[in-house]
Amino acid sequence: MKFKILLASVLVIAGCQTTKETTQVDTNQQNTVVEQPTNTSVVPVAPIVKKPLPVVVKLTPQQQQDVWDRIAMQIKTKIPNNKRVQYYRNWYLDNPRNLEIIAQRAQPFLYYITEQVEKRGMPLELALLPIVESSFDPHAYSSMAAAGLWQIIPDTGRRFGLKQNSWYDGRRDVVKSTTAALNLLEYLNNKFDGNWQQALAAYNTGEGRVFSAIRKNRAAGKPTDYWALDLPKETSSYVPKLYAVADIIMHPKKYGFHLAPISNKPVIEIVKPGVQMDLTIAAKFAGISISELKDLNPAYRRGVTAPNGLNQLLLPIDKVKRFKRELAQNRNASMVTHHHRVKAGESLGLIAERYHSSIKAIQKINKLKTTNLRIGQSLTIPTSPISLVNRQHRAAIKVEAQHYVVQSGDSLWSIARKHKTSITKLKQLNRLSKNAVLQKGQRLKVSTTAVAKKTTAGRKTISYTIRSGDSLSVIAQRYDVSVAEIKKWNNLANSKYIKQGQQLKLIIDNRKVKA
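Positions in the sequence shown are counted from 1; adding 9 to them yields our numbering.
And the structure:
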């Protein structure tokens, strides 16, 4: 019994030690017990907050600041690293000045060309093709009669819609020739079943020659890819040159090469004045130099837009508003004009030809509904600068006549034979009637010789220092002389290569050109 009482007491004591301490509080309900927390300190754990990573916005090719980057990002063609590509890549890297000059020339045109290539979904390296073709010289002309940025030959130009006449050469029109060149490239790509390398080779040498090389290799059991074809030397170098340039532009840091950036935004705009325009006046309206305007619009051969509707102009985009404003204020002054009084026997066509104008242009400026003219009628004639040059040239020429005194026994036949002319010509020179009889001692004109007058009024000789980007054709057009004249004055013979810093002698008409 005592043992049981002792065991119960031990259990009560143990229970008191393990039970939490309670305190009775004064509430409305009796015997309410509030449990007290144990004296255990708890350290709060701060939640882990992850900082968001900075958002990197990747610019699209079209959002790049530099057109070169825009092109480089979109070249998907795998550039082979073979000996031919290596050779031309090394050449360009060893001659950085070449690409520097090309970049300067490309500035007005590269954005526009890149945009046109993108619109067609064509390989972007094609935007670089004018580098290989013409070094981006819009005045470029080859020994094979290829012209313009894209070096299009006359027949191909006409085949793809480029008009060519005495006023205008569409192969030099940057906008129209770009359309024609890309049309031609698309046509060739289809002909060669999507093989761009063969299409490019055909662009350079003609599709017939490339097809012939393919057939020859196929018959010999050889590969028919571009690199295996037996093509002319120039054509074998054509694609490697393009790929070498593309590789450098894609990896400028790799090759330690820097090209002057070209703004990735439009810099030129097509303007359609709707009237035939003298380029000198157009340049004045736009507030730019005549040489800059001609570099943008090399298609016009006479220093004036064509009279048959081919009169659109490329202008710097920031000069367009000024040009339009000035044109609107001077609507009747778009051409150099001259006044002509109609003489007996003259027709509108004859007058137009004399002034290097057109019948339509004369009708328009004089508000003529027909081509009928009356003697004594006063006409305003819009003229081309070439007509001024021709008249100035004629004014600088004097005609010297050679004479012969008729001897006994002479006849028109014997005199004509002696002086290597004709009886008809003798009669014309001396205004002789059909049945004229010669008299001994009579003085006859037997020939006339055009001799330049000694006067050099209005002309002066200057020394011109060749600048980067210059070519003989650019200089000739700038100073209104011919390439042949520059070569003659400087003993350049048949050489067409000039270098920066070289001095050239130029004889210019300072009434027309400011040196």
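Note that beta-carbon positions come from the ideal geometry of N, C-alpha and C, so glycine has one too. None of these values were measured; they are calculated from a predicted model.
| Bounding residues of the alpha helix (DSSP H) (the contiguous stretch that carries Val248) | Lys242 to Met259
| For Ala156, the residue or residues it bridges with in DSSP | Answer is Tyr150 and Ile161.
| task | Provide the residue span of the alpha helix (DSSP H) that contains Val184, from first to last. | result | Val183 to Lys200
| query | Which one of Leu137, Pro139, Ile84 and Tyr196 has the shortest CA to CA distance from Thr165? | reply | Tyr196
| said: Along the chain, where does the alpha helix (DSSP H) containing Val94 start, and where does it finish? | reply: Lys92 to Asp103
| message | Could you compute how far the alpha carbon of Ala112 sits from the alpha carbon of Leu238? | response | 32 Å
| Stretch-stretch touch, CB-based, cutoff 8 Å, three pairs: the segment 277 to 284 with the segment 315 to 332 | yes
| message | By DSSP's criteria, Ser387 is part of a beta bridge. Which residues make up the other side? | response | Arg350
| query | Residues in its own chain within less than 7 Å of Asn399 by CB, not counting five upstream and five downstream? | reply | With a pLDDT of only 44 at Asn399, under 50, the local geometry of the prediction cannot be trusted, and no value is derived from it.
| Which two residues bound the contiguous beta strand (DSSP E) that contains Pro325? | Leu322 to Pro325
| task | Determine contact between the segment 256 to 264 and the segment 297 to 304, defined as no fewer than three beta-carbon pairs at a distance below 8 Å. | result | no
| field | DSSP-derived helix/strand/coil call for Val415 | value | coil
| task | Under 6 Å Cβ to Cβ from Leu515, same chain only, skipping five residues before and after it: list those, please. | result | Ile471, Tyr473 and Tyr488
| query | Thinking C-alpha only, which one of Lys172, Ile390 and Ala149 is nearest Pro307? | reply | Ala149
| request: Return the bridge partner residues of Arg452 from the DSSP annotation. | output: Val414
| With burial defined as no fewer than 16 other Cβ atoms inside 10 Å of the residue's Cβ, what is the status of Trp176: buried or exposed? | buried
| task | Using 10 angstroms around the beta-carbon of Ile161, count the other beta-carbons present and answer buried if the total reaches 16, otherwise exposed. | result | When all chains shown are included, Ile161 counts as buried.
| Are the segment 441 to 454 and the segment 412 to 429 touching, with three or more C-beta to C-beta distances below 8 Å? | yes
| task | With a threshold of 16 other CB atoms inside 10 Å of the CB of Arg545, please say whether the residue is buried or exposed. | result | Given a span of 10 to 524 for the chain in the structure shown, any question on residue 545 remains unanswerable.
| For Asp234, three-class secondary structure by DSSP | Residue state, collapsed to three classes: coil.
| Around the C-beta of Tyr96, are 16 or more other C-beta atoms found within 10 angstroms, so that it is buried, or is it exposed? | exposed
| field | DSSP state of Asp239 mapped onto helix, strand, coil | value | coil
| field | Buried versus exposed, by CB contacts within 10 Å (16 or more), Glu134 | value | buried
| query | Whose C-alpha, out of Tyr235, Tyr121, Pro282 and Ala136, is nearest the C-alpha of Lys330? | reply | Pro282
| If you count every other CB in all the chains shown that lies within 10 Å of the CB of Glu362, and 16 or more means buried, which is it? | exposed
| request: Starting from Ile507, trace the alpha helix (DSSP H) both ways and give me its first and last residue. | output: First-last for Ile507: undefined, no H or E at that position.
| query | In three-state terms, what does DSSP make of Tyr309? | reply | strand
| message | Under DSSP, the beta strand (DSSP E) around Val280 begins and ends at which residues? | response | Ile277 to Val280
| said: If you reduce the DSSP assignment to three classes, tell me which class Ser420 lands in. | reply: coil
| message | Going by DSSP, what residue range makes up the alpha helix (DSSP H) through Ile223? | response | Ile223 -> alpha helix (DSSP H) spans Glu216 to Ala228.
| message | Measuring CB atoms only, is the segment 82 to 92 touching the segment 121 to 141, in the sense that at least three cross pairs come out at less than 8 Å? | response | yes
| message | Here's the rule I'm using: 16 or more other beta-carbon atoms within 10 Å means buried, otherwise exposed. How should Asn339 be labelled? | response | exposed
| request: Give the DSSP-derived three-state secondary structure of Thr470 in the structure shown. | output: Look at Thr470 here: in three-state DSSP terms it is strand.
| Among Gln71, His347 and Val94, which one has its Cα closest to the Cα of Tyr120? | Gln71
| said: Does Glu494 pass the burial test, meaning 16 or more other C-beta atoms within 10 Å, or should it be called exposed? | reply: Per the 10 Å Cβ criterion, exposed.
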